[in-house]
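Novice: Here you go, one structure.
Protein chains: 2
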Amino acid sequence: MNKTKFSARWPWLVALSTVFAAGPAAAVEGMWTPEQLVDIERDLKDAGLRIKADKLTDLTAFPMGAVISLGGCTASFVSPDGLVVTNHHCARGSVQYNSTEENNYLVDGFVAGNRPAELPAAPGTRVYVTTRVEDVSGKVESALDDDMSPRERYQAIEDTRKALIAECEANEGFRCQVASFYGGASYKLIERLEIRDVRIVYAPGDSIGKYGGDIDNWLWPRHTGDFAFYRAYVGPDGMPADFAEDNVPFRPQHFLKVSRAGLGDGDFVMAAGYPGTTRRYARLSEVENTFGWTYPTFKALMADWIATIEAAAPAGSDARIKYESLLAGLNNYMKNIGGQLEGAERVGLAERRAAREKALSDWVAADASRAGFAATFDELDVLVDEMNADSRQDFWYDRVTRPALLGAAQQLYRLAKENEKPDAEREPGYQERDMTFFTQRMQVIDRRYDATVDKAEWLLFLDGYRAQPDEQRVAAFDAALGLDGIDSEEALATRLDGFYEGTELDNVEARLAWMERGVADFEASEDPFIQLAVALYDHEIADEEQSKTFSGRMTQVRPGYMDAITAYAASKGQAVYPDANSTLRVTYGSVFGGSPKDGLIYEPFTRLEGIPEKDTGREPFNSPQKQLELIAAKDYGSYELDEIGSVPVNFLSDLDSTGGNSGSATLDADGNLIGLLFDGTIESVNSDWDFDPKTTRTIHVDTRYMLWVMEKIDGAGHIIDEMTLTTTR
Amino acid sequence: MNKTKFSARWPWLVALSTVFAAGPAAAVEGMWTPEQLVDIERDLKDAGLRIKADKLTDLTAFPMGAVISLGGCTASFVSPDGLVVTNHHCARGSVQYNSTEENNYLVDGFVAGNRPAELPAAPGTRVYVTTRVEDVSGKVESALDDDMSPRERYQAIEDTRKALIAECEANEGFRCQVASFYGGASYKLIERLEIRDVRIVYAPGDSIGKYGGDIDNWLWPRHTGDFAFYRAYVGPDGMPADFAEDNVPFRPQHFLKVSRAGLGDGDFVMAAGYPGTTRRYARLSEVENTFGWTYPTFKALMADWIATIEAAAPAGSDARIKYESLLAGLNNYMKNIGGQLEGAERVGLAERRAAREKALSDWVAADASRAGFAATFDELDVLVDEMNADSRQDFWYDRVTRPALLGAAQQLYRLAKENEKPDAEREPGYQERDMTFFTQRMQVIDRRYDATVDKAEWLLFLDGYRAQPDEQRVAAFDAALGLDGIDSEEALATRLDGFYEGTELDNVEARLAWMERGVADFEASEDPFIQLAVALYDHEIADEEQSKTFSGRMTQVRPGYMDAITAYAASKGQAVYPDANSTLRVTYGSVFGGSPKDGLIYEPFTRLEGIPEKDTGREPFNSPQKQLELIAAKDYGSYELDEIGSVPVNFLSDLDSTGGNSGSATLDADGNLIGLLFDGTIESVNSDWDFDPKTTRTIHVDTRYMLWVMEKIDGAGHIIDEMTLTTTR
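Going down the list, the sequences are from chains A and B. So in our numbering, spot 172 of the first sequence is number 172, and the numbers just go up one at a time. So in our numbering, spot 519 of the second sequence is number 519, and the numbers just go up one at a time.
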């Protein structure tokens, strides 16, 4: 253990307190693409990285080759037999899928005593192992010429992407994507092995894995055992296969060692993962529209939306069960938007963005050779203003077309339309390669749909929509629904009743059957949701065309904008990382609590003792009795961190992360797993737009807590044995 | 400055973190009566007190003689010319009273440039200066004999108290009380000069004095400038007088020096003030009833109650203005009860009380000479069970008799009844000495009453009441309101309409006129609220009689219970302090942040820089521009605390305080004023029942911030000049 470093930390914290008036601590901004790490190698070394930066750039070598995607979450291989560790909240759907009234694994946790006992994950669960990354910017570029219209430009890019993907996926068992970076300045083809037999190996019960639940969500101090284990299986030939008895564990080329030494305060950490979306380079007017209109409007609507669902689906009802997940999502998102709005105010987001744009413009104006950039700024701002206006128009239309069966009808009708074309020409999402997921989407509707609730939501949205001025409404929608002739809430409700009474789309067989039908069948249908979908089709296609043209225009402008930002940064000796786009990124920094608010110091670690302190015996603070007894007995096993006098449960870092990073391997300076990233503090959410080094904190579950729970509570010693532990620090 | 001590503190904080698993830090429990301080002198000295404990026991000598009561808040003299410092929230009513649309002192703050500019405080504002304290236990005791019935016993005590008070108040200008300690084991007569010409001298605007408002209420970190200044005036003869031009500043015998050196982390502090009520010696069954039934029931009702008022008095309406204060109080109390319920769970209140009672019983059982105590416990528990049952019965009846004009009618009718007796025999509250406050109560109703809101509240309460079983309802009430014949919400609403349409009590002149009328006038009245008051009278009197009998029984038992507790404590060498009863108490401890929750450290001080950090420009985070500029310029004047690199705004201590302590002088080891106590953290509220040393924290405004605001922002240098500043530490 690096005692010296840890001990040196506390005085520094004191210094921080004293010095705070002078400015925030320097947390490390940046979601770097792996190949950028060589450019910032000096910073990485200064921060404490002990392995060479170029070891981190190869996504198919150690350690990055061990970092995998679950699609939406990140995970890592931690054994030669395809054992995968990720967050509990990333694997919880699979636990739920396998739970019954008798065997409620959500409550009891699940530990497979041996391989045959491992249970299939929820349908659609995938493990994606990156096998190849290729810069295809040149290929995309060569498909374009300057005479193209924006719409043609969009199509040329899309066609190139589709062709590259098709070529890549000709190799069976692989799933490919072409990701765009820096607003379209570069493109990468990413080939990933798509493992589709994934099984749940071990997950603690909710009372550990989801401890604190929605109440503690986004908060520090935290005490959540947010970890679980999957295993990837393949056919006997080593290639991806559907679930089968004779499938065998996948043998990854690389897996992470797990540190039981863990880290101390101030130690170097990095996380590798798949952050979803950031808007760090958004123009001021987009920031203003989002924080001045979209977020406040959405936040107000969400409060009503939640109340509407809760009233239509009373607690304890079957309907409520179907909507729990949406409710949790809405509450979560409302908290997130609230945090973003507060954060924007706190950091002065608009003022800072304005100052940043002015500095950039001043730099451009300072040298005639940069004049081209200035024109780009103007063109971009015109586009962003259009985008803002569109976003306001679309907001309510998107809401009133949200009913579940209308969505199904629209997708099914679109499928019939697309099926009239050759596969290669179909829209992404409607190609043969998409049909597995399409079918699953049609199937799962039943588990999240209740007519009464759906109608109550629709009425709420229609009330908001009808209050908008004509130019923000869609004539085709008004006409199809006959809104002009409806003069009371009752009449509207009666009109909607007709939809729910007259549709057959509430039946899964019917929905699947419609996947096989032709356009004429839809046009002849008397199903009210299908009729509405048909009536809206032309508007939707026109809107989509407009949006494709807009995308084409954007690809002409945004890369130039990013070039300006990159050139400006380079003039100051700085590197620029691209906005998050669900591709693999590395962020580095240190274990760090600090003082995000005057008068409060966040300790970098929480302790086992914090669990009984919070415990009420009721969800979500219902720690297992055995755990409470072990803590009371100070039975720390070999997992104690001397500096805190207990087993560390969760820890904070100053890493730069966002949604999608969940489950990310948190690595020490040697690339050993020392925790899993699972959340950020609420003060951090605003960093999606503007990284705030003072308040941004990422929350991790410590491997020492994971191992302690596995050894002491869940009897998962055989899973510990399967991993390679390391005790150096 | 005590640098060594401060510097020594940080390592100790580290030690605390490490050691935490071993148990909480030892905050100092105890709201000591001043004369007890000699008994705990060694503890006081060990804690750091530099003056002799016996100097603190004389309430009419320095420094206690400078500590005064405003009735509900505490305050202190800080100049020889009667300058009084207290919390902003204690004086805010007077600022509001003097505010107009043109001169809105709530917004702008108020600074009297000279004495003539000082404005009269709100009607009813009083300064109470303690002039004499006498133990009258013997006098009360001698009025009792063992043959008395409980009802006679109650009456004998009340008669003695009234006689003692009357004798004391024969001295004009004095207000006297007989306070009971240890559940009636001892009584003290407290004579206080009642100064009734009180003027507002200086109060910062809400944007400093109420910074953070309800959002920050009960929370740390805090940045509230919760201070204001009054001046006490008396007639030219030095005796209390009504407001008059030729009144002169009161010359107090003692006043506090104000420290501009302030304190550092870990330094000794004590606070002298008038804490209202604690229940530290309540029996287990009272704890269980309160936390198992009363609080949860009340908490649920309050949520509906708040929603009802908000719906009936929409934001921005005139009615809303009248109910702002009630709404704030309800929100405040709901937060408080929530904190108490959480705290009870956290500390295991019921289990701890059970263990404490068992230890006491075991100690009693261990020695035959203590057998008398055992009988007392049993008798007390019978009484507490009765009290619990009564509290449930009374809960809803108290709600449904809450309408403002019904309350007025009941008080007026009672006054007519009491007026039939000689003054000395009248109930407390209805004697001549009470008529000033009685009249004021009748007058202020208009400012807090709106018929629509009042009726909506009444309907809500009636819904709850009607859902109770018959035995928990009051027949006289049901009959008078004709509840049996009412079968729908509409019918009930119509019935209530009759009250609001038919009453004249919504007119202040009418209410005052009724103060002069006789019983027969009431009985002949057709005013529906008066009719209801008359109809409920017999029940109310019967209930009151029952309650007096109950009190009489309690006075026979509770002192014995407290004797047992005191004897048990003495056997362990410990002192016992009485429950808070709005008499002067002293609590001591140190400036202390600590770690009330695992993973968080509370810094003991907040800094000026925390203000812009919170500022949104909107109430309650709308710091004056000038303040933000001074902070940005680091213009700390001479008020910087080196250890935190800024001016300290608020600080935390481990003192033992509760409601009523607001405005309490916070004193250093020499008795100098170093701050004003103004709040506790939400985790502390449960300490009213069971002191929790780990989480209990009291919040103070630092004199250095007060002086900085006065000097730098509000131009109140002449008020600083009037005070005696001290710079030693």
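Every residue gets a Cβ at the ideal spot worked out from N, C-alpha and C, and that includes glycine. This structure is a prediction, so every number in the text was calculated from the model and none was measured.
1. Keeping to the same chain, check which residues put their C-beta closer than 6 Å to that of D692(B); ignore five residues upstream and five downstream.
2. Identify the contact partners of G610(B) in chain A, using a Cβ-Cβ distance below 8 Å as the criterion.
3. Are any of the Cβ atoms in chain A nearer than 8 Å to that of T606(B)?
4. Could you give the uninterrupted runs of the alpha helix (DSSP H) lying entirely in the stretch 80-130 of chain B, keeping only those of 4 residues or more?
5. Counting only beta-carbon separations shorter than 8 Å, does A26(A) have a partner in chain B?
6. In angstroms, rounded to a whole number, what distance separates the CA positions of D543(B) and Q531(B)?
7. Taking L677(A) as the reference, give the member of R447(A), D654(A), P612(A), K694(A) with the closest Cα.
8. Between S149(B), A632(B), F651(B), which has its C-alpha nearest L641(B)'s C-alpha?
9. When the cut-off is 8 Å and only beta carbons count, does Y602(B) lie next to chain A?
10. Can you round the beta-carbon distance between C90(A) and G464(A) to whole angstroms, since I take them to be within the 8 Å contact cut?
11. Quick check on the burial criterion: 16 or more other C-beta atoms within 10 angstroms. Buried or exposed for H700(B)?
12. Per DSSP, which residues does T566(A) bridge with? Please list them.
13. Ordered along the chain, which non-local residues of its own chain (more than five positions away) have a Cβ less than 6 Å from that of V85(B)?
14. What residue range does the alpha helix (DSSP H) around V508(B) cover?
15. Is the distance from the Cβ of A185(A) to the Cβ of D714(A) below 8 Å?
16. Which residue wins for smallest C-alpha separation from Y128(A), given the options K139(A), W708(A), G173(A)?
17. How far does the alpha helix (DSSP H) with K162(A) in it reach, from first residue to last?
18. Does the stretch 195-203 of chain A come close enough to the stretch 117-135 of chain A to have 3 or more Cβ pairs within less than 8 Å?
19. When burial is assigned at 16 or more other CB atoms within 10 Å of the CB, is L263(B) buried or exposed?
20. Please work out which residues of its chain come closer than 7 Å, Cβ to Cβ, to Q96(B), disregarding the five sequence neighbours upstream and downstream, and give them in chain order.
21. Pairs of beta-carbons, one from the stretch 317-331 of chain A and one from the stretch 605-618 of chain A, closer than 8 Å: are there three or more?
22. Use the C-beta contact count for R153(A): other C-beta atoms within 10 angstroms, 16 or more gives buried, fewer gives exposed.
23. Buried or exposed: where does P34(A) fall if 16 or more other Cβ atoms within 10 Å of its Cβ makes it buried?
24. Considering only residues of the same chain and omitting the five flanking positions on each side of I644(B), which have a CB-CB separation below 7 Å?
25. Does T616(B) get closer than 8 Å to chain A when you measure Cβ to Cβ?
26. Taking 8 Å as the threshold (beta carbon to beta carbon), is P693(B) in contact with chain A?
27. My output table needs one value for T376(B): the three-state DSSP class, helix, strand or coil.
28. How is W396(B) classed by DSSP in three states: helix, strand or coil?
29. Compare the C-beta of W514(B) against all C-beta atoms of chain A and say whether one is closer than 8 Å.
30. DSSP three-state label for W218(A), please.
31. Between the Cα of E425(B) and the Cα atoms of A315(B), R161(B), D135(B), which residue gives the shortest distance?
32. Verify whether the separation of the beta carbon atoms of R251(B) and G93(B) is less than 8 Å.
33. At the level of alpha carbons, what is the spacing between L405(B) and D506(B)?
34. Report yes or no: do three or more beta-carbon pairs, one from the stretch 364-381 of chain A and one from the stretch 500-520 of chain A, lie closer than 8 Å?
35. Whole beta strand (DSSP E) runs in the stretch 596-682 of chain B with 3 or more residues, listed along the chain?
36. Does the CB of A542(B) have a neighbour CB from chain A at under 8 Å?
Specialist: Let me spell this out:
1. V347
2. K597, D598, G599
3. yes
4. 88-98, 105-108
5. With a pLDDT of 47 at A26(A), under the threshold of 50, the modelled position of that residue is not reliable, and the figure given next carries that caveat. For A26(A), the answer is no, since every Cβ of chain B falls outside 8 Å of its Cβ.
6. 19 Å
7. D654(A)
8. F651(B)
9. yes
10. Going by Cβ atoms, the distance from C90(A) to G464(A) rounds to 34 Å, so no, they are not a contact pair.
11. buried
12. Bridge partners of T566(A): none, in fact.
13. S76, V78, F229
14. 508-514
15. no
16. G173(A)
17. 150-169
18. yes
19. buried
20. L106
21. no
22. buried
23. buried
24. F605, R607
25. yes
26. no
27. helix
28. helix
29. no
30. coil
31. R161(B)
32. no
33. 7 Å
34. no
35. 600-602, 605-607, 648-653, 665-667, 673-680
36. no
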